[in-house]
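Colleague:
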Amino acid sequence: MLSVSPLCSRCCFFIMATIELRQVEKKFGDVYAVQPMDLTIQDGEFVVLLGPSGCGKTTTLRMISGLEAVTSGQILIDGRDVTWRHPSDRDIAFVFQFFALYPHMTVRQNMSFTLEAQGAPKADVEKRVQDTARLLQIEHLLRLRPKSLSGGDRQRVALARALVRQPAAFLMDEPLGALDADFRATMRAEIKKLHLAQHATTVYVTHDQIEAMAMSDRIVVMSNAVVQQVGAPAQVYYDPANLFVARFIGSPGMNLIAGRVADGVIELPGQNQFVLPDLWRSALADQLTGDEVVLGFRPEAAQLRTDGAIRTQVYADALHGAYTMLHLALDGEQGLAMAHVRAERAAHYAIGEPIRFDLDPTMVRFFDPKTEMAIRMDRG
Ligand code: ATP
Numbered sequence: 003m004l005s006v007s008p009l010c011s012r013c014c015f016f017i018m019a020t021i022e023l024r025q026v027e028k029k030f031g032d033v034y035a036v037q038p039m040d041l042t043i044q045d046g047e048f049v050v051l052l053g054p055s056g057c058g059k060t061t062t063l064r065m066i067s068g069l070e071a072v073t074s075g076q077i078l079i080d081g082r083d084v085t086w087r088h089p090s091d092r093d094i095a096f097v098f099q100f101f102a103l104y105p106h107m108t109v110r111q112n113m114s115f116t117l118e119a120q121g122a123p124k125a126d127v128e129k130r131v132q133d134t135a136r137l138l139q140i141e142h143l144l145r146l147r148p149k150s151l152s153g154g155d156r157q158r159v160a161l162a163r164a165l166v167r168q169p170a171a172f173l174m175d176e177p178l179g180a181l182d183a184d185f186r187a188t189m190r191a192e193i194k195k196l197h198l199a200q201h202a203t204t205v206y207v208t209h210d211q212i213e214a215m216a217m218s219d220r221i222v223v224m225s226n227a228v229v230q231q232v233g234a235p236a237q238v239y240y241d242p243a244n245l246f247v248a249r250f251i252g253s254p255g256m257n258l259i260a261g262r263v264a265d266g267v268i269e270l271p272g273q274n275q276f277v278l279p280d281l282w283r284s285a286l287a288d289q290l291t292g293d294e295v296v297l298g299f300r301p302e303a304a305q306l307r308t309d310g311a312i313r314t315q316v317y318a319d320a321l322h323g324a325y326t327m328l329h330l331a332l333d334g335e336q337g338l339a340m341a342h343v344r345a346e347r348a349a350h351y352a353i354g355e356p357i358r359f360d361l362d363p364t365m366v367r368f369f370d371p372k373t374e375m376a377i378r379m380d381r382g
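If you use the working numbering, the sequence shown closes out at 382, no skipped numbers anywhere.
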């Protein structure tokens, strides 16, 4: 049974919890949904499981919750092995989607139902409902039924229903998935605000990398049942572990241009050359399996200059509101080797117009096309 603990004097809503996955794996028949995975989520951390459809995010979350049995491995919550514990004995709240409220109950009943079913003292239940309602600013809605609430208020109530239990951790599976873009942004900000106020350990599943970047302390990037990288948003954005992460994170993804290393220079399409920064020379020499390399850089690493080293032609442009995203072909009109760079919002570009740019040497990255792994440099 879920333990019902009194509110602490500082009105913390959560009992802090670490979640540890040790070589946790899941197979359906012969097929891996999740390959052996190690992950430690710290007390109060907001961790996002991010990846394309079918990569194993939901299965991972369901294994943490106990709704799915592991094939092998161990799950510990606050050091306690819960691998074979029932979901209700893990002190975790699972939010599938916010709209799943009981229609025949008032907001108050929706919130108090589980606590009452567990036999919590009436006064304790009432205090928790009031405190949670105040936190989410839904006190005025307690007597209403879900059908008379706006979409936003229903979201808050569903969140309140999970919060009122004071779980050790909070698991959310694409909770904003069905919402339109505006409302999604609002709710994203609310969940983040709530997290900052309460520091509840949260594991949040999404395939939306913008959501992951905006909300998380750390992102676990998954693909094909395998964890590709675990890191802070800036880390997975600027230092992707491999080509998958480089492409998947960012909108557009990292620019990736195939080239060949020769005498400290990378020869790129269109007879372009990129002189290797000294710091990278030995790392490439040590780690590349051949002389082929992929040069990676984010759009903001390119500085447009009339005398820039890399010569391109405009392939297409797209106004993104605050700036224009230029799609540049390094190889003339073929458009097979493309770079996306940022340009002034007001500027106008003609298709085929020559454009030159330089790259900020601190913002370039390199990948081995054979292993698909990033070349690592000790930045001291
Ligand atoms: P989505 O974003 O589409 O929900 P996901 O990353 O959450 O995807 P999972 O739902 O964890 O992915 O599924 C991972 C893999 O396991 C998929 O190939 C899926 O088809 C498979 N899978 C999930 N549940 C089952 C099941 N009960 N039986 C068989 N295969 C399953």
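Glycine residues also receive a C-beta, built at the ideal position from the N, C-alpha and C atoms.
All of these numbers come straight from a predicted model, not from anything done at the bench.
Counting C-beta neighbours from all protein chains within 10 Å, is the total for A71 16 or more, i.e. buried, or is it exposed?
Modeller: By the neighbour-count rule (16 or more Cβ atoms within 10 Å), A71 is not buried but exposed.
Colleague: Taking C-beta to C-beta, are P400 and A339 nearer than 8 angstroms?
Modeller: In the structure displayed, the chain extends from 3 to 382; residue 400 sits before or after that span and is not available.
Colleague: In three-state DSSP terms, what is L138?
Modeller: coil
Colleague: Report back the beta-carbon spacing between F172 and A202 to the nearest angstrom; my notes put them in contact at under 8 angstroms.
Modeller: 5 angstroms
Colleague: Could you spell out where the alpha helix (DSSP H) holding K194 opens and where it closes?
Modeller: Counting along the chain, the alpha helix (DSSP H) containing K194 begins and ends at 183 to 200.
Colleague: Would you call the region 138 to 158 and the region 102 to 112 in contact, with 3 or more CB pairs under 8 angstroms?
Modeller: yes
Colleague: To which residues does DSSP link Q76 through a beta bridge?
Modeller: Looking at the DSSP output, Q76 sits in a beta bridge with R24.
Colleague: Using a threshold of 7 angstroms, is the CB atom of K59 nearer than that to any non-hydrogen atom of the ligand ATP?
Modeller: yes
Colleague: Spatial neighbours of M113 within its chain, please: CB distance less than 6 angstroms, with the 5 preceding and 5 following residues excluded, ordered by chain position.
Modeller: V131, A162, R163, V166
Colleague: Hey, Q315 and A303 are a contact pair by Cβ (cut 8 angstroms); roughly how many whole angstroms apart?
Modeller: About 20 angstroms separates the two Cβ atoms, so there is no contact after all.
Colleague: Helix or strand or just coil, what does DSSP make of A71?
Modeller: Correct three-state label for A71: coil.
Colleague: Of all the options Q305, R313, P38, which has the alpha carbon lying nearest to the alpha carbon of Q76?
Modeller: Out of Q305, R313, P38, P38 has the C-alpha closest to the C-alpha of Q76.
Colleague: Identify, in the order they occur along the chain, each residue of the same chain with its Cβ nearer than 8 angstroms to the Cβ of D155, setting aside the five sequence neighbours on each side.
Modeller: Excluding its 5 nearest sequence neighbours in each direction, D155 has C-beta neighbours in its own chain below 8 angstroms: I140, L143, listed in chain order.
Colleague: Looking only at C-alpha atoms, which of V295, G121, Q289, D288 sits nearest to F276?
Modeller: Per the C-alpha coordinates, the member of V295, G121, Q289, D288 positioned closest to F276 is V295.
Colleague: Ignoring anything shorter than 3 residues or poking outside the region 267 to 304, list the beta strand (DSSP E) runs there in chain order.
Modeller: Qualifying beta strand (DSSP E) stretches, in chain order: 267 to 270, 274 to 277, 294 to 299.
Colleague: Can you tell me whether L281 is buried or exposed? The criterion is at least 16 other CB atoms within 10 Å of its CB, across all chains shown.
Modeller: exposed
Colleague: Could you name the residues of the same chain whose beta carbon sits closer than 7 angstroms to that of G382, not counting the 5 residues immediately before and after it, in chain order?
Modeller: Per-residue confidence for G382 stands at a pLDDT of 40, beneath the threshold of 50, marking its modelled position as unreliable; the derived number appears in the next sentence. Excluding residues within five positions, none has a Cβ falling inside 7 angstroms.
Colleague: In angstroms with no decimal places, state the Cα-to-Cα distance between H322 and L198.
Modeller: 30 angstroms
Colleague: From which residue to which residue does the beta strand (DSSP E) around R262 run?
Modeller: Per DSSP, R262 belongs to the beta strand (DSSP E) from 257 to 264.
Colleague: Can you tell me whether G153 is helix, strand or coil according to DSSP?
Modeller: helix
Colleague: For the beta strand (DSSP E) containing R313, list its first residue and its last residue.
Modeller: That run of the beta strand (DSSP E) goes 312 to 321.
Colleague: Beta-carbon separation of K372 and G292 under 8 angstroms?
Modeller: Using a Cβ distance threshold of 8 angstroms, K372 and G292 count as a contacting pair.
Colleague: Mind checking S90: buried by the 16 CB within 10 Å criterion, or exposed?
Modeller: By the Cβ neighbour-count rule, S90 is exposed, with fewer than 16 other Cβ atoms within 10 Å of its own.
Colleague: Between A349, A234, R307, which has its C-alpha nearest L361's C-alpha?
Modeller: R307
Colleague: Counting beta carbon pairs with one atom in the region 47 to 67 and one in the region 220 to 238, are three or more of them shorter than 8 angstroms?
Modeller: yes
Colleague: Taking 7 angstroms as the cut-off, is the C-beta of V2 nearer than that to any heavy atom in the ligand ATP?
Modeller: Examination of residue 2 is not possible in this model, given that the chain is present from 3 through 382 alone.
Colleague: Is any heavy atom in the ligand ATP found nearer than 7 angstroms to the beta carbon of F30?
Modeller: yes
Colleague: To which residues does DSSP link P356 through a beta bridge?
Modeller: Q315
Colleague: DSSP three-state call for I377: helix, strand or coil?
Modeller: coil
Colleague: With A341 and T326 assumed to form a contact (beta carbons below 8 angstroms), what rounded beta-carbon distance in angstroms separates them?
Modeller: That pair is no contact at about 14 angstroms.
Colleague: Using a Cβ-based criterion (distance less than 7 angstroms to any ligand heavy atom), does G68 qualify as near the ligand ATP?
Modeller: no
Colleague: Could you name the residues that DSSP lists as bridge partners for T203?
Modeller: A171
Colleague: Consider the C-beta atom of G75 and the heavy atoms of the ligand ATP; say whether any pair is separated by less than 7 angstroms.
Modeller: no
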